[in-house]
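Numbering follows the UniProt record's numbering, with no gaps: position 156 of the sequence shown is 156.
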Amino acid sequence: MAPSIRIAIVECDNPGFGSINKRGNYGGIFSSLLKAAAPGAGLAQEDLVFSVFNVVENTTNYPRLEDIDGVLFTGSKYNAYDDNAWTNKLVDFTREILKQDRVRIIGVCYGHQIVGRALGVKCAPSDRGWELSVSEVNLTEDGKKIFQKDKLKIMQMHKDIVYDYPPLVEKLGSSPICTVQGMHIPRKLITVQGHPEFNEEIMTEILKGRHATGLFDDTLYQDALARASEPQDGLHIAAAFLRFMKDR
1 MAPSIRIAIV
11 ECDNPGFGSI
21 NKRGNYGGIF
31 SSLLKAAAPG
41 AGLAQEDLVF
51 SVFNVVENTT
61 NYPRLEDIDG
71 VLFTGSKYNA
81 YDDNAWTNKL
91 VDFTREILKQ
101 DRVRIIGVCY
111 GHQIVGRALG
121 VKCAPSDRGW
131 ELSVSEVNLT
141 EDGKKIFQKD
151 KLKIMQMHKD
161 IVYDYPPLVE
171 KLGSSPICTV
181 QGMHIPRKLI
191 TVQGHPEFNE
201 EIMTEILKGR
211 HATGLFDDTL
221 YQDALARASE
231 PQDGLHIAAA
241 FLRFMKDR
């Protein structure tokens, strides 16, 4: 019998969207996604053990590394480059993981940016604007091997980006708006800028909410809304995360 893979989901936000909250916040969404992707990684759902830690509500609520095999850092409405106590603690925790060689990191959107910051590269708003809804990512040769596809379609919801690839990191993909779409160090970390956990309902609700506040103008909103129903590769990406966790 294969040993369980123990993944701590570190929630970096309380999103406030009904479509997310009714699924159990980010912890519920990611655990459901990874369980659904388990067969694609040669795993049973029972092989996966999840724990959830919300570090926004409780800034001391972090997993003990001896109790887990991997950490998944979620998306967030906050900025990975902020200089405040809870963000700096999150970066310090990420660096603590990077210093050792057993517990692995999965970073998604904001989590991807936090990993970039922890590795010493610039995270800041892009001068190319927002990247929204289902978008195409051009994969590198490393990216094609990891995701087992020639290109990816992935949900996007970001303006902040990681500006450069850190040293020793495999480049996974790029898009016209964001050059650093994913990073990989074997048996250490894997990240994506997009949101494999989002579906059409979640994306549509976020777009409508942010359009209503004036964050997205009509043109940006209508274009993104028209693409929210397009097929996307969230399950493929989640299966790649699990293959990364299995790799010995």
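Where is the CB? At the ideal position from N, CA and C, for every residue including glycine.
| Item | Value |
| --- | --- |
| Between Lys153 and Leu139, which are expected to be in contact by the criterion C-beta below 8 Å, what is the C-beta distance as a whole number of angstroms? | That belief does not hold up - the Cβ atoms of Lys153 and Leu139 are roughly 11 Å apart, past 8 Å. |
| Could you check where the beta strand (DSSP E) with Leu172 kicks off and where it finishes? | 170 to 174 |
| If I follow the unbroken alpha helix (DSSP H) through Ser31, where does it start and stop? | 25 to 37 |
| Just verifying my parser: in three-state terms, what is the DSSP assignment at Ser229? | coil |
| Under 6 Å Cβ to Cβ from Ala228, same chain only, skipping five residues before and after it: list those, please. | Ser133, Glu200, Met203, Thr204 |
| Starting from Val162, follow the alpha helix (DSSP H) in both directions and report where the run begins and ends. | Not the alpha helix (DSSP H): Val162 falls in the beta strand (DSSP E), residues 160 to 162. |
| Going along the chain, which unbroken runs of the beta strand (DSSP E) with 3 or more residues stay wholly within the region 102 to 142? | 104 to 108, 123 to 125, 131 to 139 |
| Can you look up Glu197 in the DSSP assignment and give me helix, strand or coil? | coil |
| Out of curiosity, what's the CA-to-CA distance linking Asn54 and Asp160? | 22 Å |
| Who pairs with Ile154 in a beta bridge, going by DSSP? | Ser135 |
| Over the uninterrupted alpha helix (DSSP H) stretch that includes Phe93, give me the two end residues. | 85 to 98 |
| Could you tell me the alpha carbon to alpha carbon distance between Glu66 and Asp101, rounded to whole angstroms? | 12 Å |
| How would you write the range of the alpha helix (DSSP H) that Phe244 sits in, first residue to last? | 234 to 246 |
| Determine the direct distance from the alpha carbon of Ala85 to that of Val91, and round the result to whole angstroms. | 10 Å |
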